[in-house]
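For the sequence shown, numbering that gives the first Met the number 0 begins at 0 and goes up steadily by one.
In this text, a Cβ means the ideal position worked out from N, Cα and C, and glycines have one as well.
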Amino acid sequence: MKNDSSKSEIQSVSKPNEELPALECKNVGRTFMIGKSILSSKKPLRAVDDVSLKINRGQVFAVVGESGCGKTTLARMLLGLLEPTDGAIYLDGQPISEVDSDVISQKVQPVFQDPYSSLNPRKTIESIISLPLRVHGIGTKESMLERVSELMRLVGLPNRLIHSYPNQLSGGQRQRVAIARALIMEPGIIVCDEPTSALDVSVQAHILNLLKDLKDRFNLTYIFISHDLAVVEHLADWVAVMYLGRLIEFGPATEVLRNPLHPYTQALMESVLTPDPHKGLPEITFGRGLPNPLDPPSGCSFHPRCSKIKDGCDSRLPSLLPESDRLVECHLYN
Ligand SMILES: Nc1ncnc2c1ncn2[C@@H]1O[C@H](COP(=O)(O)OP(=O)(O)O)[C@@H](O)[C@H]1O
Ligand SMILES: [Mg+2]
């Protein structure tokens, strides 16, 4: 893909400083004001709360946690699609709020969960994949067509589908289209938000393998979001675990997955080991479901579900303390 001719066409973006993290969050938060009607007062919902992390180049940075914990909100902020209400995000060392949206989209591209809704049903595959080139005014009709064919080959789509429409494709094929569209601008960073969870189990492994191959081939940086630890296990270099908007454990993937320290990560790991991975989290460990994010528990927000609760967990917020080579936000380690 990175041949000289195509590269030269999109050279307007300055080369990133390899020393700096590809993306960095400093105390990032996002609050949504929720209210039923104009008469009832609105309540704040902290979808993402005080998240700090560095995402280094060429690595797979996984973000895991239950549905509703803030993964997609974080992803949208990393893509520059949503502004943080607190803290700041840096892209190649520059505050993302100061980076032109065209430049952001040349450097960071998304692959979303649902390939059924993320592809325009009225456009052909050629038109969908080439859209970023057209938006940025890159290339002629002929060169675009050639590039689309090249990308289709790269993601394993037969060229005969080039003039087809999304509804003529399988779920796996559609996700390949989304991946091709994400790659066409040669971004360094791809934000994958649950890229396989809408797909049949039999197709998931193919898409994961494709993402892994592409990452190795083009030295891509992935932010890989999933609610499923089993999925990230094969791919991730780093794992960040989120709970009710907060980062509660972070570290090298092998460490976090082999020896989870936070009781929440431990429970997530146990749920991976249940015979039926689609059963979700085991009730026994968790006791109750996810609390109402509009009325989060006091102290450590995990305390009502925690099997290792002790004095102070319900009143004081634990700080994210380094524990060996990782970070854990839990009073057990304070
Ligand atoms: N645009 C929005 N307006 C109001 N609330 C939102 C919005 N987007 C997300 N939320 C809320 O923020 C929380 C986190 O949502 P989300 O980031 O989608 O979580 P996840 O991707 O982990 O399932 C949820 O409680 C959700 O209802
Ligand atoms: Mg989500």
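Item	Value
Could you pull out every residue in the same chain whose Cβ sits closer than 7 Å to the Cβ of Phe-31, ignoring the five residues on either side in sequence?	Leu-44 and Ala-46
Determine the burial state of Gln-167: buried for a count of at least 16 other Cβ atoms within 10 Å of its Cβ, exposed for fewer.	exposed
For Asn-166, which of helix, strand or coil comes out of DSSP?	helix
Evaluate contact between the segment 119-126 and the segment 60-69, counting only Cβ atoms and requiring at least three cross-stretch pairs below 8 Å.	no
Does at least one heavy atom of ligand 2 sit under 7 Å from the Cβ of Glu-65?	no
Please report how far the alpha carbon of Leu-181 lies from the alpha carbon of Ile-33, in whole angstroms.	Reading off the sequence shown, one finds Ala at residue 181, where the question assumed Leu. Between Ala-181 and Ile-33, the C-alpha separation is close to 32 Å.
Does the structure place the segment 181-191 close enough to the segment 199-208 that three or more beta carbon pairs sit under 8 Å?	no
By the DSSP assignment, the alpha helix (DSSP H) with Met-128 in it spans what residues?	The question names Met, but residue 128 in the sequence shown is Ile. Counting along the chain, the alpha helix (DSSP H) containing Ile-128 begins and ends at 124-134.
Ala-239 and Leu-228 look like a contact to me (Cβ under 8 Å); what is the Cβ gap, rounded to whole Å?	Contact flag wrong, Cβ pair sits at about 12 Å.
Using a 10 Å radius around the Cβ and a threshold of 16 neighbouring Cβ atoms, would you call Asp-215 buried or exposed?	exposed
Near Ser-300, what residues of its chain come up, given a Cβ to Cβ distance below 6 Å and the 5 sequence neighbours on each side ignored?	Leu-243
Output the distance between the C-alpha atoms of Leu-144 and Val-98, rounded to the nearest integer angstrom.	30 Å
Between Ser-51 and Pro-290, what straight-line distance do the alpha-carbon atoms span, to the nearest angstrom?	23 Å
Go ahead and label Met-241 buried or exposed: buried means 16 or more other beta carbons lie within 10 angstroms of its beta carbon, across all protein chains shown.	buried
Assuming Asp-313 and Gly-298 make a contact with CB atoms under 8 Å, what is their CB distance in whole Å?	4 Å
Here's a check: name, in chain order, each residue in its chain whose Cβ is nearer than 6 Å to the Cβ of Phe-60, leaving out the five neighbours to either side.	Ile-54, Ile-222 and Trp-237
How many angstroms separate the CA atom of Ile-178 from the CA atom of Thr-72?	20 Å
Is Asp-49 helix, strand or coil by DSSP?	strand
Closer than 6 Å by C-beta to Lys-42: which residues in its own chain qualify, once you throw out the five before and the five after it? Chain order, please.	Ile-33 and Leu-293
Around the Cβ of Ile-283, are there at least 16 other Cβ atoms within 10 angstroms (buried) or fewer (exposed)?	Note that Ile-283 scores a pLDDT of 38, beneath 50, so its modelled location is shaky; the value from the coordinates is reported in the next line. It is exposed - the Cβ of Ile-283 has fewer than 16 other Cβ atoms within 10 Å.
Reducing DSSP to helix, strand and coil, say where Glu-185 ends up.	coil
Assuming contact is defined by CB atoms lying nearer than 8 Å, are Ser-129 and Val-147 in contact in what I supplied?	yes
Is the separation between the beta-carbon of Val-327 and that of Glu-248 shorter than 8 Å?	yes
Looking at ligand 2, does it come within less than 7 Å of Asp-227, judged from the CB to the closest heavy atom?	no
Closer than 7 Å to a non-hydrogen atom of ligand 1 - does that hold for the CB of Thr-72?	yes
Would a C-beta distance cut-off of 8 Å place Pro-114 and Arg-173 closer than the cut-off?	yes
How far does the alpha helix (DSSP H) with Ser-225 in it reach, from first residue to last?	Looking at the DSSP string, Ser-225 is not in any alpha helix (DSSP H); the run it does join, the beta strand (DSSP E), is 220-225.
Could you have a look at Ala-266 and say whether DSSP puts it in helix, strand or coil?	helix
Starting from the C-beta of Gln-10, find all residues in its chain whose C-beta is less than 8 Å away, skip the five residues before and the five after it, and write them out in chain order.	Confidence at Gln-10 is low in this model, with a pLDDT of 39, below 50, so the placement of that residue should be treated as unreliable; the coordinate-derived value is given next. Nothing meets the Cβ criterion.
Tell me where the alpha helix (DSSP H) around Gln-105 begins and ends.	100-106
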